[in-house]
Amino acid sequence: MSHPYAHLFEPIKIGPKGAKNRLWMTAHSTQLVKDHNFTDRHVAYYAERAKGGVGVITMEAMATHPTTQPYAGKIHAFDPAVIPNYEKLAAAVHEHGALLLAQPWHRGRETNGVVNRLPVWAPSSIPDTVYREMPHAMDEENIAEIVEGYTLAARYAAEGGLDGVEVHGLAHGYLLGQFLSPATNHRTDQYGGSEENRLRLVLEIIERTRAEVGSGLIVGVRINGDDGEVEGGLRTEHWARIARAIADTGLIDYVSVSQGTYQNRMLIYPTTPREQGYQIDATRQIKQMVPELPVVVAGRMTSPEKAEYAIASGAGDMVGMARTLIADPEWPNKAREQRETDIRPCVGANHCMASIVSAPLACIHNPAVGREAELGTGTLRIAERPRSVAVVGGGPGGMRAALTLAQRGHEVTLFEKGAELGGQVNWIARSESYSEWGSIAGWLVSQLGGTNVKVELGVEATVESLVAGGFDSIVVATGSTPLRTGWSVNHPARWANPDGVPGVDQFNVVTAQEALLNHAELGPNVMVFDDIGGRHAVVVAEHLQANRHQVELVTTLSSVAPELSATRDVGWVHQRLRTAGVVFTPNREIAAIDEDRVSLRDVHTDEVEVREPVDSVVLVTGGKAEDSLYYGLKQAGVEVRAVGDCVSPRRVFNAIWEAELAAREI
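Numbered by the UniProt record's numbering, the letters in the sequence shown go through residues 1 to 666 in order.
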C-alpha cells in the first residue's frame, strides 16, 4: 500500500543541494535574539525542528541595514559577528539532515525609528498603515548601502557554513516589494517608473548575492503571490511576471511564495477562521510561470492531507509552514509515521504573534517553544519514585498536568465536575469562527486516551474526598467563574460592593459563557458589555449576530478589542463584525439596567444615554479565581499546587505553561 503522503516525503534537488523531503520551515521571528545575534536558545529551537523531520529551514528575517530595526530583537546579518553562531546553528541542524538558510531583509516603510532613532527608509515618502511614520525617500547613495548590506549578509552566510540565502524583502510589502509596487514607488529615476526600473534593485541584489555565495550554495527569493486589496498594488499576474523575470537571470534556485502586506496582514499570518491552503491557487499560477524552478507553497498548511494535496495537484514542489511547526516541531515525523492524531494542531490563535510583541516566541498550547533545551523533545524524565497524583479540573491546564504526570510514570486521577473535558475552550469553540480552538482541548483528550490516566467526569472533588483518597500530591486547576457585577475597572472602590450595577441581577443579564451555551434563550436585541478589551467579547458578539440577534458591543475602552492588535487580527475581526451588523459603542460603561432599558455613561464626560429595547445583556468583565479548594487543601497540610485561572484568570497559554512546570516538579 502506498504512503498517503508520498509526495511530501520525496527528496528534491534545490540548485546544488538536495533536500530529504518537501517540507520547508519558513522564516518567522523568535525574539530569542541578544545583542543583535543568535543565542543558544536559537540553536536548540532550530535543531528541534530539524530533529522533528523538516527538510529545509529558513531562519528568521535578518536586518541588512541599521534602519530596519522595529525592535531590539533583530539579527544584524551585515555584522561578521554572526559567523560563529551560523557555524553552531548549521552543525546542530545538519546533524539531523536538514538544510539551513539565512534570510536577509529590509522592512522599508513598514517600521519606525523608535528603537534605532534613525529615519525610516523607503523608495518614496509614503507612510505605512501600521506605523504611520513618514519615511525618508532614499537617494542612490542609500540604495547602494542597502545593496552592500545584502552583499555582506550573503558573504557571512557562506562563511558561516549555511546552505544558502533566501533574499527577502520582496514579499509582505517590505522594502524590495515597495520598489516593485507602483502603489509605493513614485520615483522618476532609474529605480522607478517602468517595470524594468522597479525591478532593478532586486536584480542587483540577487546578482551580488550569487557572486558572494558562488555556485555551491542555494540562492532563492521570497515573493508574494498577491498583495491583496491594495489600490494600485501587485496582484497575482504581476507577481508571476516578476517571478519569470527573476528566473530568467539564471541566478536563483527556487521561489518561495507568500501573500499580503501590512495593509492586509491577515494574508501574511491569518488567524482562524481563514481556511487551510488559502494561497494554493495564486501559488499555482506562479509555478506555471516558472516550471523549471522548485516553488514553495504556504498559507496555513496545518494538515498532512492539505500539504500532500498542494504538491500532488501541482501548486508547488515544497510546502512551507511556520506556525504549524511552532505548535508541533515533530509534525513531519508524525505525518511520515501516519500518526496524524498525535500532531498538536496549530489553531490559528496567533498567540505566537502576540508573544513576540514583548517577549520571546511562545505557542498557546506548546509550552516548549523557545525553551527546547529545558522542555523540548527528550527532556521529560521518568519519575524516580512514581506517586499517586490527583488533578482537579478538566480544562486545558488540568489535562496538560495529567498528561505530563502520566508520561513521567505517575498514577494519575483527573477529576472534572462537569460532563466533559475542555473547560472554557469548549464554549469559545461554539462560535463557528473559533471552532478550531476546540482542538486545543481535543488534542489533549486524544493524548490522554493513550495513557493510564483515570478520568472521573461528573465528580466534584472536595478537600475531604481528596484527603481520604490518600493522594501523594494534588494539582488544582479549578479555573474561574465570570464576574457578574458589571463594575468596570474605572471604579475600583465599587468592586467591594458585591451587588453590582443596579439591575445587574435581572434574569436577562448573563455571562459570555451562558450566552454561548444558550443563545436561543436571549432576546432579539442584545447588548454585550466589555471591560477587558480581549477576544471574549468579540467571540460572543460574532456568535450572537450570526444566530440572528442584533448586537451592540459596548466597551469602556476607546476601541473594540484593542488587545487583538497583538495577534494582528483586530482589523479583520472588526471587519467581520461590522459587516455582519454588530454596532460598536466605545467609551461607555453601564450605569444601570431597568427591565429592557440600559443606561450608559460616557467614561469621559459622565453624560448618560439610554438604550431601549435591550432584551438581554451579556457581561464580559473578567473572572473570579476558584481557589477555595486549593487553600482548603493547603490548610489541610496536603502537598498541593495551583495552576491556571484558579491562581488568577488569564490565558489558555498560562494554564498550560504552569501545568507543564508543575507536573515536571512532582
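Even for Gly, the Cβ is constructed at its ideal location relative to N, Cα and C.
Treat the numbers as computed from the prediction; the structure is a model and nothing was measured.
Rounding to the nearest angstrom, what Cα-Cα distance links E204 and S559 in this structure?
C-alpha separation (whole angstroms): 45 Å.
Please tell me whether T485 and G623 are closer than 8 Å, where the distance is taken between their beta carbons.
Not in contact: T485 and G623 (Cβ atoms no closer than 8 Å).
Cα-Cα separation, H410 to E542:
Spanning the two alpha carbons is a distance of roughly 43 Å.
In terms of residue numbering, what span does the alpha helix (DSSP H) encompassing F179 cover?
Secondary structure note for F179: its alpha helix (DSSP H) is the uninterrupted segment L175 to L180.
Express the C-alpha separation of R385 and V391 in angstroms, rounding to a whole number.
Cα-Cα distance, rounded: 18 Å.
Using DSSP's beta-bridge definition, name the partner residues of P482.
DSSP lists G623 as partners of P482.
The beta strand (DSSP E) that contains K334, what's its start and end?
Where K334 is concerned, there is no enclosing beta strand (DSSP E), although the alpha helix (DSSP H) around it starts and stops at W331 to R336.
Would A158 be called buried (16 or more neighbouring beta carbons within 10 Å of its own) or exposed?
Flag for A158 reads buried.
DSSP three-state call for T605: helix, strand or coil?
In the three-state scheme derived from DSSP, where H, G and I count as helix and E and B as strand, T605 is classed as coil.
So, helix, strand or coil for Y313, using DSSP?
Contrary to the premise, residue 313 reads as Ser rather than Tyr in this sequence. Annotated three-state conformation of S313 is coil, per DSSP.
Pairing CB atoms from the region 243 to 254 with CB atoms from the region 10 to 18, are three or more of them under 8 Å?
As far as the Cβ criterion goes, the region 243 to 254 touches the region 10 to 18, which means the pair count is three or higher.
Quick check: the Cα distance between G220 and V114, rounded to an integer number of angstroms?
About 32 Å.
How is the alpha helix (DSSP H) around M399 delimited, first residue to last?
Unbroken alpha helix (DSSP H) run through M399: P396 to Q407.
Any beta strand (DSSP E) of 3 or more consecutive residues that is wholly inside the region 509 to 554:
List check, beta strand (DSSP E) in window: 509 to 511 and 525 to 530.
Which first and last residues belong to the beta strand (DSSP E) in which W105 is found?
Segment L99 to W105, the beta strand (DSSP E) holding W105.
By how many angstroms is the C-alpha of L217 removed from the C-alpha of Y86?
Cα to Cα, the separation comes out at about 15 Å.
Looking at the structure shown, is S2 part of a helix, part of a strand, or coil, going by DSSP?
Secondary structure at S2: coil, using DSSP grouped into helix, strand and coil.
First and last residue of the beta strand (DSSP E) that includes A282?
Not the beta strand (DSSP E): A282 falls in the alpha helix (DSSP H), residues I280 to M289.
I need the DSSP call for E140, collapsed to helix, strand or coil.
Looking at E140 - three-state DSSP - the assignment turns out to be helix.
With H, G and I counted as helix, E and B as strand and the rest as coil, what does DSSP make of L390?
This sequence places Ala at residue 390; Leu is not what is there. In the structure shown, A390 sits in a strand (DSSP, three-state: E or B).
E275 - DSSP class collapsed to helix/strand/coil:
Looking at E275 - three-state DSSP - the assignment turns out to be coil, as it is neither helix nor strand.
Which of helix, strand or coil DSSP assigns to D40:
In the three-state reduction of the DSSP assignment, D40 falls in the helix class.
Look up N224 in the DSSP assignment and give the residues it is bridged to.
The partner list for N224 (beta bridge, DSSP) reads S258.
Given a cut-off of 8 Å on the beta-carbon distance, is the pair T30 and Y45 in contact?
By the CB criterion at 8 Å, T30 and Y45 fall inside the cutoff.
Provide the residue(s) that pair with R588 in DSSP beta bridges, ordered along the chain.
BP columns for R588 point to D602.
Roughly how many angstroms separate the alpha carbons of R107 and C646, rounded to a whole number?
CA-to-CA, the gap between R107 and C646 works out to about 42 Å.
Among T151, A591, R222 and A401, whose alpha-carbon lies nearest the alpha-carbon of A655?
When the alpha-carbon of A655 is set against those of T151, A591, R222 and A401, the nearest one is in A401.
Leaving out the 5 sequence neighbours to the left and right, which residues in its chain are closer than 6 Å to K287 when beta-carbon positions are compared?
Short of 6 Å from the beta carbon of K287, and not among the five residues preceding or following it, lie these beta carbons of its own chain, in chain order: V295 and G316.
Should the region 350 to 364 be called in touch with the region 18 to 32, which here means at least 3 C-beta pairs below 8 Å?
Enough Cβ pairs lie closer than 8 Å, so yes.
Using the DSSP secondary-structure output, state which residues sit across from W24 in a beta bridge.
BP columns for W24 point to V56 and G320.
Bridge partners for D594 per DSSP, in chain order?
Residue pairing by DSSP places D594 opposite R597 in a beta bridge.
Within 8 Å, strictly: CB atoms of P396 and V643
Contact: no.
Work out the CA separation of P182 and R235 for me, nearest whole Å.
Answer to the nearest angstrom: the Cα atoms are 12 Å apart.
M134 CB to nearest heavy atom of the ligand ZN below 7 Å
With respect to the ligand ZN, the structure offers nothing, as it holds no ligand at all.
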